[in-house]
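Worksheet for the structure shown next.
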Amino acid sequence: MAKHLRDSREIIRRLEREGFALVSVRGSHHKYRDKLSGRVVILPHPRRDIPIGTVKSIYQQAGWDDGST
Numbered sequence: 010m011a012k013h014l015r016d017s018r019e020i021i022r023r024l025e026r027e028g029f030a031l032v033s034v035r036g037s038h039h040k041y042r043d044k045l046s047g048r049v050v051i052l053p054h055p056r057r058d059i060p061i062g063t064v065k066s067i068y069q070q071a072g073w074d075d076g077s078t
């Protein structure tokens, strides 16, 4: 099983590399939308150790199958 990224900065870098753009910020939560598919991902930022359940939810929202970067 691949290791999931747990640092919000690393997750944001991957989102942006894969075509997601920041659309809004509300408090400590950043909302990203994929320009092509319209998928929406919301994640807490800045956060170093995101709980694994939250990370799995972010991966699911982004359409990622594994933890590869």
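Numbering (my numbering), first residue to last: 10 to 78.
For every residue, glycine included, the Cβ atom is placed at its ideal position computed from N, Cα and C.
Considering only C-alpha positions, which residue in the set Pro55, Pro53, Ser37 and Glu27 is nearest to Gly72? Glu27
Give the range of the alpha helix (DSSP H) segment to which Arg57 is assigned. From DSSP, Arg57 is part of no alpha helix (DSSP H); its letter is neither H nor E.
Got a sec, what are the start and stop residues for the beta strand (DSSP E) Arg42 sits in? His38 to Asp43
Can Pro55 and Arg18 be called in contact, C-beta distance under 8 Å? yes
With a threshold of 7 Å (Cβ to nearest heavy atom), would Ser33 be considered close to the ligand NAD? No copy of the ligand NAD appears in this structure; indeed no ligand is present at all.
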